[in-house]
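Following: one structure in structure tokens, then a few remarks.
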Amino acid sequence: MKNTLRILFVASVGAGMVACSSDNSTSPVGTSAAAAALITAPLSFDQINTSFVGSSDPAQGFAPGDEQGGPGGAEQNRWGPGWHELMGGGIGESFIGGIGFGAGFGHGPFGDWHDSDDCAFSTTTNRLDCSASRRGLTTTRSYSFLDAAGAVQQAFAFGTTNTVNVKTAVSGTVVHHDGEDTSVVNSSSDFTVAGLASGSTQRTVNGLSAGTESTTGIKHDSAFKATRTAGDTINGLVIPIQDGHRTFPTAGTVIRGMQAIVTFAGQSPSTSTRREVITYDGSSTAKIVITHDGVVKNCTKPLPHGPLSCS
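Count along the sequence shown from 1, then add 993; that gives the number in the working numbering.
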């Protein structure tokens, strides 16, 4: 059968980048060539369910020294993400209270769905299996829909579907920078949202994502290889439902990690790693511990769109 479903995860790439640039200012952290690769998420991360704000547009492909690697331009690209911003394109709006419930707001964080893929329901697995190919990437998604009583549904139904599990895998090759650079990508996620049915008082989110992007090309007449690995773990994220209002998570953690290795021919590799642990404690401020290349900072972020402050 032809069916088309895809979760509208977090927010659009453009909106996410605007929020990131308006909430955060740049502060240099490292000087390595690899640090710049932590500004954006690996290609294909817009196709999986993750806290990163990604893109599959070839124009967003990473290359060392490229000045379009982030909203801060060349200087930001040189230093990588600073202490006053989050890595990987920032964090999605649903994770900071940027999406509301009710009229004028849609169906709230992690609650909107729209057509996109060719799908078929399997009576063997009780899952809706979907696939799509675009821009050199093949994406497969498998959905499980349950009502409040735990009964299987063949499709998402607003009001009656309570729990959705989405398993996504993306693989392929993206050519960018006028054909000079080639990225091979593989990414996946396993993401569950509960509390979607009418009458629910809160939504609970759990998930895992991981992906790699391996890029080869030429920069300044030198061959290079850049490998980016990223992923996150979402544990017990609780979002109260407040009709007609925006609402931020009040419990749970999001653990995000990213590593980049950039090697030019004849040179030693440049490596940079970053880990961000975001904790929600019921207050209007998220607590964030950032570890970048071994240096640790304790940070806070007012929700939804306050600036990140570190000490």
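Note that CB positions come from ideal geometry on N, CA and C, so glycine has one too.
In this text, all values refer to a predicted model and were calculated from it rather than measured experimentally.
Beta-carbon within less than 7 Å of residue i's beta-carbon, same chain only, minus the 5 sequence neighbours each way: which residues are those?
i     : result
L1201 : S1182, D1183, T1226
A1305 : In this structure the chain extends from 994 to 1304, so residue 1305 is not present and cannot be described.
S1018 : The pLDDT assigned to S1018 is 31, lower than 50, so where the model puts this residue is not dependable, and the model offers no usable value.
V1177 : T1166, S1207
D1274 : K1280
V1159 : I1000, N1042, R1134, Y1136, F1184
P1297 : I1089, G1090, G1091, R1239, F1241
Q1235 : F1094
G1224 : S1202, A1203, G1204, G1250
Just to confirm my understanding: we take residue i, look at its own chain, exclude 5 residues before and 5 after, and list those with CB closer than 8 Å. What are they?
i     : result
S1304 : K1290, N1291, C1292
S1115 : L1121, D1122
Is the beta carbon of residue i sitting closer than 8 Å to the one on residue j?
i     : j     : result
L1079 : L1301 : yes
V1255 : A1027 : yes
D1047 : G1075 : The sequence as given places Gly at residue 1047; Asp does not occur at that position. No, the Cβ-Cβ distance between G1047 and G1075 is not below 8 Å.
H1213 : P1051 : no
A1030 : A1258 : no
T1240 : F1094 : yes
F1055 : A1219 : yes
T1243 : P1233 : yes
S1037 : S1265 : no
What first and last residue would you give for the beta strand (DSSP E) that runs through residue i?
i     : result
I1032 : First-last for I1032: undefined, no H or E at that position.
R1128 : No beta strand (DSSP E) contains R1128, which DSSP labels as neither H nor E.
G1245 : 1244 to 1257
P1295 : 1288 to 1295
H1285 : 1278 to 1285
N1155 : 1154 to 1169
G1200 : 1195 to 1212
G1224 : 1215 to 1233
S1182 : 1174 to 1187
V1270 : 1263 to 1273
T1114 : Reading off the sequence, residue 1114 comes out as Phe, not Thr. It spans 1111 to 1115 - the beta strand (DSSP E) in which F1114 sits, taken as one unbroken run.
Report the CB separation of residue i from residue j in whole angstroms; it is logged as a contact under 8 Å.
i     : j     : result
T1222 : T1205 : 5 Å
G1210 : E1173 : 5 Å
V1231 : I1248 : At roughly 16 Å, the Cβ-Cβ gap does not stay under 8 Å, so V1231 and I1248 are not in contact.
Going along the chain, which residues of its own chain have a beta-carbon closer than 6 Å to the beta-carbon of residue i, five neighbours each way excluded?
i     : result
G1299 : none
Do we get a CB-CB distance below 8 Å when we pair residue i with the residues of chain C?
i     : result
T1278 : Here there is only one protein chain, and chain C is not present.
- Query: Is it true that the stretch 1120 to 1133 meets the stretch 1084 to 1093, where meeting means three or more beta-carbon pairs spaced less than 8 Å apart?
  - Reply: Between the stretch 1120 to 1133 and the stretch 1084 to 1093, the count of Cβ pairs shorter than 8 Å is below three; the stretches do not touch.
- Message: Any contact between the stretch 1148 to 1157 and the stretch 1182 to 1198? By contact I mean 3 or more CB pairs, one from each, below 8 Å.
- Response: Yes, the stretch 1148 to 1157 is in contact with the stretch 1182 to 1198.
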